[in-house]
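Student:
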Amino acid sequence: MYEAFVDHHVHSRFSWDSESRLADLVASARRVGVGGFVLTDHVEFDPLDPGFGAYDYDRAREAWEGAVAVVPDMKIRFGAEVTHQDRALPEIREFLHERRFHWVIGSVHYMGREEIGTFVARAEGEGIPLEDCLADYFRACRRTVESNLYDCLGHLDFPKGYSRRKHVVTGEFWMKHYGRAIRETLTACLDMGVFLEVNTGAYRKGFSEPYPGWAILDAYRDLGGREVVLSSDAHRPDDVATAYGAVVRELARRGLAVRNGVV
């Protein structure tokens, strides 16, 4: 059904938080009708992260090569999702320079040394409004883009997935309270040639919009953005291409085209 589209963000058993086998991901991609997917397993550089040291590049690449050999008719590409942290820039740069990937997503998963989900839960538990405490997150997203290390910026407005106020923290909320920082990040994407990811994983969290939300995507279009890449952030085979039909239609209605970032 969606043969023209690739899922640019899929995790497998080579991510610390996924047990998905490549064969099951291939079967799921066929079932939902996408043209292929990119393996983007987590690569972590913070010793405090539960996934630190878990990624095995050689084994992951060997598994990918095996999958490509037996499924030549499907576009399966080899990538990574790197948690960007300024303190780890030298290590990240060296890691990427010494290895071959078709596609690398740079994502912000931390506020300082605190994981975003933990940070949001603590802030809401202590009565700290999210509109007052996440400026550093959006600034970190801009620096991720400006590092010039990545093909794509992952799940902008990611903190909303951990909020208890899901009916509030939509794209409009973030644009109202962090509009300047968000526009700076979007402008950096356009200036640096970094793709903006439209991540449908937010639908699995109970939202009726992706990461980033529709208001942010409207701002991207108004700044001159014309194309985005589509992804599901699947950690289970059944998550591949989540809500693609609804999202593709809404993107078209808002004047944004879906681009395949890998060939």
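For the sequence shown, the working numbering gives the first residue as 338, with consecutive numbering after it. Glycine residues also receive a C-beta, built at the ideal position from the N, C-alpha and C atoms.
Count the other CB atoms within 10 Å of the CB of residue 402; is the residue buried (16 or more) or exposed (fewer)?
Tutor: For this step, residue 402 is matched to residue 65 along the sequence shown. It counts as exposed.
Student: With C-beta atoms as the reference, is residue 532 less than 8 angstroms away from residue 482?
Tutor: Within the sequence shown, numbered from 1, the residue matching residue 532 stands at position 195. Within the sequence shown, numbered from 1, the residue matching residue 482 stands at position 145. Cβ distance not < 8 angstroms, so residue 532 and residue 482 don't count as in contact.
Student: Once the 5 residues before and after residue 360 are set aside, which same chain residues still bring their CB inside 8 angstroms of it?
Tutor: For the purposes of this step, residue 360 is taken as residue 23 along the sequence shown, with counting starting at 1. 404.
Student: What does a CB cutoff of less than 6 angstroms around residue 366 pick up in its chain, not counting 5 residues either side in sequence?
Tutor: If you number the sequence shown from 1, residue 366 lands on position 29. These residues qualify, in order along the chain: 374, 577.
Student: Within the same chain, show all residues whose beta-carbon is closer than 6 angstroms to that of residue 371, passing over the 5 residues directly before and after it, in chain order.
Tutor: Here residue 371 refers to the residue found at position 34 when the sequence shown is read from its first residue. So the qualifying residues of the chain are 339, 342, 344, 578.
Student: Would you list the one or two residues that DSSP bridges to residue 355?
Tutor: Locating residue 355 in the sequence shown gives position 18, counting from the first residue. Paired residues: none, contrary to the question.
Student: Any idea what DSSP makes of residue 377, helix, strand or coil?
Tutor: The residue you call residue 377 lines up with position 40 of the sequence shown. In this structure, residue 377 counts as strand in the three-state DSSP scheme.
Student: Kindly identify the DSSP beta-bridge partner or partners of residue 461.
Tutor: Counted from its first residue, the sequence shown places residue 461 at position 124. None; residue 461 has no bridge partner.
Student: State the DSSP-derived secondary structure class of residue 392, mapped to helix, strand or coil.
Tutor: Here residue 392 refers to the residue found at position 55 when the sequence shown is read from its first residue. Coil.
Student: Would you identify the three-state DSSP class for residue 383, choosing helix, strand or coil?
Tutor: Position 46 of the sequence shown holds residue 383. Of the three classes helix, strand and coil, the one that applies to residue 383 here is coil, per DSSP.
Student: Once DSSP output is grouped into helix, strand and coil, what is the label at residue 434?
Tutor: In the sequence shown, counting from the first residue as 1, residue 434 sits at position 97. Residue state, collapsed to three classes: helix.
Student: In the DSSP assignment, find the unbroken alpha helix (DSSP H) run with residue 585 in it and report its ends.
Tutor: Counting from one through the sequence shown, the residue named residue 585 turns up at place 248. 581 to 590 is the span of the alpha helix (DSSP H), which, as asked, contains residue 585.
Student: Skipping 5 residues on each side, what residues in its chain have a beta carbon closer than 7 angstroms to that of residue 336?
Tutor: No statement about residue 336 is possible, as the shown extent of the chain runs from 338 to 600 and does not include it.
Student: For the putative contact between residue 471 and residue 549, defined by C-beta atoms under 8 angstroms, what is the C-beta separation to the nearest angstrom?
Tutor: Translated into positions along the sequence shown, residue 471 becomes position 134. Translated into positions along the sequence shown, residue 549 becomes position 212. Not really, about 13 angstroms apart at Cβ, beyond 8 angstroms.
Student: Any idea if residue 542 is buried or exposed, counting beta-carbon neighbours within 10 angstroms, 16 or more meaning buried?
Tutor: By 1-based counting over the sequence shown, the position of residue 542 is 205. That one is exposed.
Student: Under DSSP, the beta strand (DSSP E) around residue 516 begins and ends at which residues?
Tutor: Translated into positions along the sequence shown, residue 516 becomes position 179. First-last for residue 516: 508 to 529, but that is the alpha helix (DSSP H), not the beta strand (DSSP E).
Student: Starting from the C-beta of residue 436, find all residues in its chain whose C-beta is less than 7 angstroms away, skip the five residues before and the five after it, and write them out in chain order.
Tutor: Stepping through the sequence shown from its first residue, residue 436 is reached at position 99. So the qualifying residues of the chain are 394.
Student: Quick one: does residue 501 have its CB under 8 angstroms from some CB of chain D?
Tutor: Absence of chain D from the displayed structure is noted, only one protein chain being present.
Student: Quick check on the burial criterion: 16 or more other C-beta atoms within 10 angstroms. Buried or exposed for residue 434?
Tutor: For this step, residue 434 is matched to residue 97 along the sequence shown. Classification for residue 434: exposed.
Student: Excluding sequence positions up to five away, which residues of its chain have a Cβ less than 7 angstroms from the Cβ of residue 575?
Tutor: Your numbering for residue 575 matches position 238 in the sequence shown. These residues qualify, in order along the chain: 365.
Student: Using the beta-carbon count (16 or more within 10 Å), is residue 529 buried or exposed?
Tutor: Against the sequence shown, residue 529 aligns to sequence position 192. When all chains shown are included, residue 529 counts as exposed.
Student: Going by DSSP in three states, residue 545 sits in which element: helix, strand or coil?
Tutor: Translated into the one-based positions of the sequence shown, residue 545 becomes position 208. Residue 545 falls in the coil class under three-state DSSP.
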